[in-house]
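Visitor: One structure is given below, represented as structure tokens, and several questions about it will come after.
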Amino acid sequence: MHEFYDLINRSTKLTLESLNEKYENSIKELSYSARTNTIKNLQMIQVQKAVIAIGVFSMFESILQEKFRCKNGFSEAKKRLMAKGELELVKRFDYFIKAVNVLKHGYGRSYNSLASEWESLPFILRNTGDTYFTEGDVSEISTLIDVDDVFVINCVELIELVSKETNS
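Spelled out as structure tokens, the structure:
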């Protein structure tokens, strides 16, 4: 079987291309009609991006658990990365682990931890007092992390980096 990171990279790129095509078509439709179905399509695209991020990280954790024969694949991977001196990679990996936890569970320890490092985050975390990331954006869904293409691609690229660095 091919490496998970290669398959997920290809799968994610294909899915994002398809979603972005649908997004562009829906935006064009909005220029002459604000039908509920068009707005639902835009929101569905955002939901799908969050599902991709959650899904790839969940599958990756399972793969790490099997690979390392442990109960917590993420902890074991971070431990191995630390032993190799990959401190920045560990920090970035930890940010995205917490971001995916926030997508799955909402407010809690992961959110609070990320909020304490607001300025350093490689993605946008919604402030507790805010209702929206961008007021007036009809495609926006209710998440505490702004899951755009960059976020999803960063998740996939991070999985590849962690996979390669923990393989040796």
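One point on numbering: in our numbering, the residue at position 60 of the sequence shown is 75, and numbering is uninterrupted. Glycine is no exception: its CB is placed at the ideal position from the N, C-alpha and C atoms. Fair warning: this is a prediction, and the values are worked out from it, not measured in the lab.
To the nearest angstrom, how far is it from the Cα of K86 to the Cα of Q61?
Guide: 31 Å
Visitor: Which whole-angstrom value describes the C-beta separation of I156 and Q58, a residue pair presumed to lie in contact below a C-beta threshold of 8 Å?
Guide: 5 Å
Visitor: Just mark V177 as buried or exposed, buried being the case when its beta carbon has 16 or more other beta carbons within 10 Å.
Guide: The residue is buried, with at least 16 neighbouring Cβ atoms inside 10 Å.
Visitor: Quick check on the DSSP output: the alpha helix (DSSP H) that includes D21 runs from which residue to which?
Guide: 19 to 45
Visitor: For a test of the three-state rule: what should DSSP assign to L79, helix, strand or coil?
Guide: helix
Visitor: On the criterion of 16 or more Cβ atoms from any shown chain inside 10 Å, does I42 qualify as buried, or is it exposed?
Guide: Under this definition I42 is an exposed residue.
Visitor: Would you report the Cα separation of E36 and L102, rounded to the nearest angstrom?
Guide: 38 Å
Visitor: Where does T146 land, buried or exposed, given buried means 16+ other C-beta within 10 angstroms?
Guide: exposed
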